[in-house]
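Residue numbers (our numbering), protein chains in the order written: chain A, 318 to 536; chain B, 12 to 306.
All C-beta atoms, glycine included, are put in the ideal place defined by N, C-alpha and C.
A quick note: this is a predicted structure, and the numbers were derived from the prediction, not measured.
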């Protein structure tokens, strides 16, 4: 259940960012569609392209939702209104998750019939990965300065990817690891991992905001 | 309830600055003028009262109730208008009133509309287009419409032109007529603002309360200036003494027997008590008021 104040804050963010988000979403959908038509490739590559575009845009939404409030000082006004810190945090994370899921649902519709209809779990995992990344982006921007906050989420992903690549090259990556992850048990494990990471990010941000002076929430 | 808010030994440390310990009480229906130079701790004190900063020690009470950190009931009770109020630029004035109204339990839309009209706020105008003075007026409308019992105003006239300053003075006076029980704490580094509006004077210096007195109390006091080297007998009557530009200033009740002694000292000049605040504000307070705090 979304409480009244969270709903008011969500609608406020939709009012502030909705038009920009919709325009960029429309442009991204059109761009991806044109690319897929002009350069048809195998379905897995197309799915990866869709995901990567969503990945970048999801990071952008998370950044938008916090940057504006920090730089314009409106977090200070919100903090003086009767809004619980947990509601403030919940509204931001809910907004970021909503944008990520809507964008993914719209864009993955391009490949729904030919690819994702047969792989619902993969669709769900990719959606969860986007929501988690959006949450991390939001939390990092909230917690840190502009440069650090914008760079950190991508740096984390880069470290993760480099770690996997190094393990593969060094032969430490078990031969059947990819198949294991793609199996139903592995997918559930990935889902649990993503969910844990997301919940930890939300929880840590909520604790940090509650303990912080308002001056730390604005720039 | 005799006080809206009481601060009890409230302290907060920052790098290079320590606020408090400060113990003060704020009564309803009174405008408390908070004076002090930049860095004296005025905004820190307002931030602590508005739960924007967390005290390191001490407590705040509202009636008999201790106000905990992030208390929503307290946030329903107070309104905080910052030096430059940060509303959403993309909203109109009417949107801002609606948004704030949706978050307060006791929102009075009719009052908000009436006050907005009285202060000349056009509901269709974008917040982005509002001057600083008009933003403060919008903050005042929000404060009253939410039914606040305590209004914190942080340097509302800083950086506004003289005409807007007068308009803000008038707006604050109108708020008092509208809500006689409203407690206002007005911070300013301009003596003229506080002198125009305040019933109680509070001077902060280096994070400490250097002086506190009511306008009524000042009216029955006398202020004397002597050479800094003058030897003044100690007395419980002395409410405040400080040194500024080679002169020693002494504030004491008009009935004090010490006055005769002071007058006999070479170079003694009697000053008007209402000049005290300006003088104390500009001078270096070396000793705090003796006896109990006047309020």
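| field | Rounded C-alpha distance that separates residue 398(A) from residue 172(B) | value | 29 Å
| task | Rank 151(B), 165(B), 97(B) by C-alpha distance to the C-alpha of residue 59(B) and give the top, closest one. | result | 165(B)
| Mind checking whether residue 130(B) and residue 182(B) have CB atoms under 8 Å apart? | yes
| Where the alpha helix (DSSP H) containing residue 465(A) begins and where it ends | 463 to 486
| Which stretch, first to last residue, makes up the beta strand (DSSP E) that contains residue 224(B)? | 219 to 225
| said: Measuring only the C-alpha atoms, how far is residue 110(B) from residue 247(B)? | reply: 54 Å
| field | Rounded distance between the beta-carbons of residue 413(A) and residue 452(A), thought under 8 Å | value | 6 Å
| For residue 407(A), which of 391(A), 323(A), 526(A), 503(A) has the nearest alpha-carbon? | 323(A)
| Which one of 279(B), 233(B), 67(B), 168(B) has the shortest CA to CA distance from residue 93(B)? | 168(B)
| field | With 16 other Cβ atoms within 10 Å as the buried cut-off, status of residue 321(A) | value | exposed
| request: Answer with buried or exposed for residue 128(B), where buried requires no fewer than 16 other C-beta atoms within 10 angstroms of its C-beta. | output: exposed
| query | Which ranges does the alpha helix (DSSP H) cover as unbroken runs of at least 4 residues, wholly within the segment 88 to 112 of chain B, from first to last along the chain? | reply | none
| query | How about residue 107(B) and residue 143(B): are their beta carbons less than 8 Å apart? | reply | no
| request: Grab the span of the beta strand (DSSP E) containing residue 68(B) for me, first residue to last. | output: 68 to 73
| task | Please report how far the alpha carbon of residue 48(B) lies from the alpha carbon of residue 215(B), in whole angstroms. | result | 8 Å
| Neighbouring residues, chain A, relative to residue 67(B) (Cβ below 8 Å) | Chain A residues near residue 67(B): none, gap ~11 Å exceeds 8 Å.
| Straight-line CA distance for residue 396(A) to residue 153(B)? | 15 Å
| request: Kindly give me the distance between the Cβ atoms of residue 417(A) and residue 447(A), rounded to whole angstroms, as I take these residues to be in contact under 8 Å. | output: 4 Å
| message | Contact defined as beta carbons within less than 8 Å: I believe residue 112(B) pairs with residue 123(B). What is the distance between those atoms, to the nearest angstrom? | response | 7 Å
| task | Measure from the C-beta of residue 527(A) to each C-beta in chain B and report whether the shortest distance is under 8 Å. | result | yes
| List, in order along the chain, the chain A residues whose C-beta lies closer than 9 Å to that of residue 308(B)? | There is no way to answer for residue 308(B), as the model of chain B reaches only from 12 to 306.
| Would you call residue 351(A) buried or exposed, if buried means 16 or more other Cβ atoms sit within 10 Å of its Cβ? | exposed
| CB contact below 8 Å: residue 6(B) versus chain A | Past the edges of chain B, shown from 12 to 306, lies residue 6(B), and the structure says nothing about it.
| query | With C-beta atoms as the reference, is residue 507(A) less than 8 Å away from residue 442(A)? | reply | yes
| Who are residue 197(B)'s beta bridge partners in DSSP? | 44(B), 164(B)
| query | For residue 138(B) versus residue 103(B), is the C-beta distance shorter than 8 Å? | reply | yes
| Enclosing alpha helix (DSSP H) for residue 320(B) [first to last residue] | This structure gives no information on residue 320(B), because the portion of chain B shown stretches from 12 to 306.
| query | Which chain A residues sit within Cβ distance under 7 Å of residue 83(B)? | reply | 399, 401
| said: Using a Cβ distance threshold of 8 Å, determine whether the segment 84 to 91 of chain B contacts the segment 252 to 270 of chain B, with at least three qualifying pairs required. | reply: no
| task | In the DSSP assignment, find the alpha helix (DSSP H) that holds residue 419(A) and state where it starts and stops. | result | 402 to 425
| message | Pop quiz: residue 160(B) and residue 39(B) are said to be a contact at Cβ under 8 Å. What is the actual Cβ separation, rounded to whole angstroms? | response | 7 Å
| task | Taking C-beta pairs closer than 7 Å, name the residues in chain A that residue 73(B) reaches, listed in chain order. | result | Those do not exist, as residue 73(B) stays about 14 Å from chain A at its closest Cβ, beyond 7 Å.
| task | Could you name the residues of the segment 357 to 391 of chain A whose beta carbon sits closer than 8 Å to any beta carbon of chain B, in the order they occur along the chain? | result | 389, 390, 391
| task | Figure out for me which residue from 281(B), 264(B), 220(B), 265(B) has the closest Cα to the Cα of residue 46(B). | result | 220(B)
| When you compare only the Cα positions, how much space is there between residue 271(B) and residue 51(B)? | 35 Å
| query | By DSSP, does residue 32(B) sit in helix, in strand, or in coil? | reply | strand
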